[in-house]
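Peer 1:
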Ligand code: FE2
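In the working numbering, the protein residues as written are 87 to 511.
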């Protein structure tokens, strides 16, 4: 007897009429038309069944703080950092945890079950680190929360920055972060990349650096990051986040850079909502989009994922934990409007992001965790187009959230009342 059988599902790769069998929290069969006795059977009605959404780049210590202590008037990255600096002395562990846990509830409702969050280590009290380590423990039954030690004010620029970061790692933060473009000089930025990669190599940790989040085409820390990944044998373990300066770089230089990134096994995370909001702020017209070169990186064989980055915080007042909104913006900004391009954007918030986080048991193959999202959409393209309703969200075979099927009643002049109307193809 199976624990759960989901029938008649469409999978992100396009297969239809698929049954997925679940036993002891794992997928035990994936087969077209499979019928078998189960404690619970769910007819997917042809809708899309996807592995859970994964956000590989987020700031949970700042989330839901919009307006505290004031709103970012200029909309720039730098005012956001300054505003976060004003908020930090006012933070309490209790309030920070309350906001983070509230966001995790939003995430579950949206089928977002794995989040990599940076946590600011610049404050020697490490209040945010302790608070998010506690949140990580509390949400562990339903969200894989991975934490990155992030020296927001610059690891070299801040007095005691290296020590604070190492103490955060000692406490159990599992990824080494950095922000080379915010150090005082290009040389210090490069030195910070080298230092932080060496710390990760010594401790056997992953690296995820905010890298070149700037419109400055000469911000080239991604080159150092890729070089250090190769030099220290960290291939497949290093990620460059944002890399927005690549948007503005000279094409010849990028033609040399892409093979270096691909060869070093460095992945890249674009944050479409935030990049299109924060970049290009010093431009008049034309205004640059400021997102990194997503299709070109993908074509070069680089693993590229999309992150949400911010939801209602000093940098961004929008957002709801919806990774389909992220993918939707990503495909517009990158002009990835072909069928293949749209599907790649869906991968960027699911499988590619899971690869960045080194998630174990992720996917829809036999033996994977029975964690998935049933969407009110016929395929991945429609899911992004409609930012589709999440009908059901399971984690290891347990139902965590469900939302009724959304439909409207139309009462149009001269026509009979229509119920059960949905926008679809
Ligand atoms: Fe970020």
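Ideal placement from N, C-alpha and C gives every residue a C-beta, glycine not left out. Keep in mind the model is a prediction, meaning the values are calculated, not measured.
#1: DSSP three-state label for residue 233, please.
#2: Which residues share a DSSP beta bridge with residue 325?
#3: Let me make sure I understand the geometry here. Which of 94, 403, 236 and 490 has the alpha-carbon closest to that of residue 154?
#4: So is the beta-carbon of residue 399 under 7 angstroms away from any non-hydrogen atom of the ligand FE2?
#5: Can you say whether residue 314 is buried or exposed, counting buried as having 16 or more other CB atoms within 10 angstroms of its CB?
#6: Output needed for residue 480: all residues of its chain with C-beta closer than 7 angstroms, excluding positions within five of it in sequence on either side, in chain order.
#7: Between the Cα of residue 268 and the Cα atoms of 193, 301 and 151, which residue gives the shortest distance?
#8: Does the Cβ of residue 327 lie closer than 7 angstroms to at least one heavy atom of the ligand FE2?
#9: I want to know whether the region 203-215 touches the region 433-451 - three or more CB-CB distances under 8 angstroms.
#10: Who pairs with residue 488 in a beta bridge, going by DSSP?
#11: Taking just the CA atoms, how far does residue 465 sit from residue 124?
#12: Of the choices 399, 386 and 93, whose alpha-carbon is the least far from that of residue 360?
#13: Starting from residue 128, follow the alpha helix (DSSP H) in both directions and report where the run begins and ends.
#14: Which residue's Cα is closest to the Cα of residue 377: 384, 362, 388 and 387?
#15: Buried or exposed: which applies to residue 305, given that a residue is buried once 16 or more other Cβ atoms fall within 10 Å of its Cβ?
#16: Round the Cβ separation of residue 391 and residue 413 to the nearest angstrom and send it over; I've been treating them as touching at under 8 angstroms.
#17: Just confirm the distance between the C-beta atoms of residue 248 and residue 291, as a whole number of angstroms; I'd bet it's less than 8 angstroms.
#18: Beta carbon of residue 395: closer than 7 angstroms to some heavy atom of the ligand FE2?
#19: Return the chain-ordered list of same chain residues with a C-beta closer than 8 angstroms to the C-beta of residue 130, the five sequence neighbours on each side being excluded.
#20: So what does DSSP say about residue 448, is it helix, strand or coil?
#21: Look at the alpha carbon of residue 350 and the alpha carbon of residue 508, and state the distance between them as a whole number of angstroms.
#22: How is residue 462 classed by DSSP in three states: helix, strand or coil?
#23: Mapping the DSSP letters down to three states, classify residue 123 as helix, strand or coil.
#24: Could you tell me whether the region 363-374 touches the region 167-180, where touching means 3 or more Cβ pairs closer than 8 angstroms?
#25: What did DSSP end up calling residue 339 once you bin it into helix, strand or coil?
#26: Under 6 angstroms Cβ to Cβ from residue 467, same chain only, skipping five residues before and after it: list those, please.
#27: In whole angstroms, give me the CA-to-CA distance for residue 346 and residue 473.
#28: Within 10 Å of its beta-carbon, does residue 491 have 16 or more other beta-carbons around it, so buried, or fewer, so exposed?
#29: When the Cα atoms are used, what is the spatial distance from residue 257 to residue 251?
#30: With a 10 Å radius around its C-beta and 16 neighbouring C-beta atoms as the bar for buried, classify residue 336 as buried or exposed.
#31: Where residue 307 and residue 484 are concerned, what is the direct C-alpha to C-alpha distance, given to the nearest angstrom?
#32: Keeping to the same chain, check which residues put their C-beta closer than 6 angstroms to that of residue 238; ignore five residues upstream and five downstream.
#33: Determine which residues share a DSSP beta bridge with residue 548 and list them.
#34: So which of 100, 393, 133 and 90 has the shortest CA-CA distance to residue 121?
Peer 2: The relevant details are as follows:
#1: strand
#2: 294 and 353
#3: 403
#4: no
#5: buried
#6: 456, 457, 458 and 486
#7: 301
#8: yes
#9: no
#10: 478
#11: 26 angstroms
#12: 399
#13: That residue, residue 128, is in no alpha helix (DSSP H); its beta strand (DSSP E) goes 127-129.
#14: 362
#15: buried
#16: That belief does not hold up - the Cβ atoms of residue 391 and residue 413 are roughly 10 angstroms apart, past 8 angstroms.
#17: Not really, about 15 angstroms apart at Cβ, beyond 8 angstroms.
#18: yes
#19: 92, 93, 94, 95, 96 and 460
#20: coil
#21: 46 angstroms
#22: coil
#23: coil
#24: no
#25: helix
#26: 428
#27: 35 angstroms
#28: exposed
#29: 10 angstroms
#30: exposed
#31: 43 angstroms
#32: 206 and 208
#33: Outside the shown range of the chain (87 to 511) lies residue 548, about which nothing can therefore be said.
#34: 90
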